[in-house]
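Chains as they are written, first to last, in my numbering: chain A, 8 to 232; chain B, 167 to 233; chain C, 75 to 192. Below is one structure, written out as structure tokens; the observations come after it.
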Amino acid sequence: MISRILIILGMVGLFMIFLPIITNFHESQNLRELAVNYVEGSVNELNTPNIVTSVVVTYRGLDTLGEVTVLFLATVGVGLLLKRRNGKQVRRPVSELLQTTSSFLFALIIMLGVYIFTHGHLTPGGGFQGGVVIASGFLLMMLSNVNVKINRTVLHVVESFSGTIYVLTGVVGLVLTIGFLNPKFLPLGDFGHLFSACAIPVIYSFIGLKVGSELTNILDTMGGE
Amino acid sequence: MIGAAFGAIYFKSLLAAIISAGVISLLASVIYLVLGSPDVAMTEASIGSGLTTVIFLYALNSVRREK
Amino acid sequence: MMISTLILGITLLLIGIYAMLTRKNLIRIVIGFSIADTGTHIIIVSLGYIKGRTAPIIDGAVDAANAVQRVVDPIPSALVLTAIVIGLAVTALMLSFVVEMHRKKKSLSIDDYQELKW
């Protein structure tokens with residue numbers, strides 16, 4: 008009984024803490040000064056139509072590096088905790104219609120994922136969305152084929168390779184221009200073309216590959232029990 | 167959405183609770199689109215109602231097989 | 075900012091925290107954490123919305139010259155993009171802990187794991 012009263016008191020207290028968000032709320036009419044700076048910098052200096060991409064990769068590049076690190080730590084943690092069991096699982100054989108269709112769809116899904124993360128600076132999307140699409144393509148293959156084994160060595164090599172090249176691109180930016188992860192060492196290009204916007208598509212492609220292979224690793228470890 | 171959130175807490179079977187959490191992610195993705203950010207909507211739709219639900223179902227399967 | 079989405083976000087956050095405090099099943103606690111995470115992200119994204127403006131992508135609808143008067147704030151979108159992926163990573167780690175705990179003691183109720191209490 009005491010614990011229930013304490014929980015209700017705690018919830019009311021939390022609600023009181025969050026109440027000033029609603030009561031001190033006034034609509035703003037213009038963008039903040041920092042947002043104006045980012046929007047104009049993205050249009051004039053970096054030639055990127057997608058403003059959110061230029062904020063994530065260039066102006067807040069260190070946050071993206073931290074996020075890639077957190078994903079890597081989570082993958083290592085899941086891989087360490089769940090050891091493989093040797094028990095064989097008895098499953099019904101999958102129908103042939105499903106196997107053929109999913110093999111055909113797998114190629115289309117991988118192509119869609121690669122399209123999303125290479126055109127990250129032109130259309131909504133980017134590295135993270137493309138990586139998740141690639142991981143869900145591998146999930147389709149794992150769910151419809153009973154005895155498929157994913158080649159773990161290739162996954163490990165792709166993941167470490169992309170991560171290293173992402174950090175090396177940042178260091179090259181440090182050596183050739185002023186700041187870490189400054190993408191201005193490649194040519195600017197025209198507005199709206201695929202090979203424009205300095206080094207942003209290069210960085211986003213490697214992030215997409217790394218995220219895709221890490222999520223596939225997590226799904227393979229958790230699903231094989 | 168509030169109905170789906172209460173359903174996720176109070177349903178008896180765990181399977182129904184996991185699917186209610188997926189429905190919450192789906193509705194949140196539509197809200198992000200109305201608020202003017204298509205990047206966040208795409209990310210939430212693919213991660214929230216795709217991968218999170220699948221990971222929950224894998225964990226439920228591992229737990230049920232041991233019993 | 076829109077008031078209705080702010081209230082929705084705060085309600086989801088409170089429901090998630092309530093689920094983490096009162097339920098006994100381990101998997102339900104993780105579901106509550108995921109709901110609280112979604113609520114927080116809705117609050118952050120709805121703080122960047124300005125009425126009457128559109129998405130921050132420059133194409134046929136928004137011109138490059140007057141983009142400053144036509145776009146929504148792009149900074150909260152960038153922060154929430156990172157936060158969603160991190161939420162997925164933490165949820166996967168928590169679930170692998172739950173599976174490993176069940177293997178040791180064969181029980182999913184939090185009343186059986188009392189070793190860390192005073």
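Quick reminder that beta carbons are idealized off the backbone N, C-alpha and C, glycines included.
Less than 7 Å separates the beta-carbon of B:S203 from that of C:S151.
Chain A places no beta carbon closer than 7 Å to that of B:I175, leaving this residue out of the contacts. Scanning A:F168, A:V209 and A:G144 for the CA closest to the CA of A:I157 turns up A:G144.
Out of C:A141, C:L87, C:R97 and C:L121, the CA that lies nearest to the CA of A:P56 is found in C:A141. Between the alpha carbons of A:E166 and A:I14 lies a distance of about 45 Å. Using a Cβ-Cβ cut-off of 9 Å, C:F107 is close to nothing in chain A; its nearest Cβ partner there is about 14 Å away. In the assembly as shown, A:K217 is a buried residue. Its beta-carbon has 16 or more other beta-carbons within 10 Å.
For A:M8, there is no enclosing alpha helix (DSSP H), as DSSP marks it with neither H nor E. Counting every other CB atom within 10 Å of its CB across the protein chains shown gives A:E221 a total of 16 or more, marking it as buried. Take C:I103, set aside five residues on each side of it, and the residues of its chain with a beta-carbon closer than 8 Å to its own are A93, M94, R97 and I184, in chain order. Per DSSP, the beta-bridge partners of C:I131 are A:N57.
Note on geometry: alpha-carbon atoms of A:L89 and A:M149 lie some 18 Å from one another. In the DSSP assignment, C:N99 is bridged to C:S183. C:D111 counts as buried, since no fewer than 16 other beta carbons sit within 10 angstroms of its beta carbon. If you ignore the 5 residues before and after B:A207, its C-beta comes within less than 8 Å of the C-beta of S195, V196, Y198 and L199, all in its own chain and listed in chain order. Residue environment for A:Y66: buried (at least 16 other C-beta atoms within 10 angstroms of its C-beta).
In this structure, DSSP gives C:V145 an extended state, which the three-state scheme calls strand. Between A:F124 and the set A:M118, A:I117 and A:G133, the nearest pair of CA atoms involves A:G133. Less than 7 Å divides the Cβ of A:T71 from the Cβ of A:V63.
The shortest CA-to-CA distance from C:V164 to any of A:L183, A:T82, A:Q106 and A:E103 is the one to A:T82.
What C:L80 touches in chain A, judged by beta-carbon distance under 9 Å, is I28, I29 and F32, going in chain order.
C:A166 sits close to A:I225, with the two beta carbons spaced by under 7 Å.
Within the same chain, Cβ atoms closer than 8 Å to the Cβ of B:L192 are found at A211, G214 and S215, the five residues on either side in sequence being excluded.
A direct Cα-to-Cα measurement between C:G122 and B:L201 gives close to 9 Å. Using a 10 angstroms sphere on the CB of A:T171, the tally of other CB atoms stays under 16, which defines it as exposed. Here C:D137 carries a coil assignment [DSSP, helix/strand/coil]. Closest option to A:I141, judged by alpha-carbon separation, among A:R39, A:T160, A:A114 and A:R159: A:A114. B:G169 and A:S110 have their C-alpha atoms spaced approximately 39 Å apart. In summary, A:P100 is exposed, with fewer than 16 beta-carbon neighbours lying within 10 Å of its beta-carbon over all protein chains present.
The DSSP-derived three-state label of B:S212 is helix. When 9 Å is used as the limit between beta carbons, B:L217 is near these residues of chain A: V139, A142, S143, L146, L222, I225 and L226, in chain order.
Using a CB distance cut-off of 7 Å, B:L223 does not count as an interface residue toward chain C. The beta carbon of C:I89 lies closer than 7 Å to those of I109 in the same chain, with the five residues before and after it left out. Shown here for C:L87: same chain residues with a beta carbon closer than 8 Å to its own, the five before and five after excluded, namely A110, G113, T114 and I117 in chain order. When only Cα atoms are considered, A:G48 and A:N54 end up about 9 Å apart.
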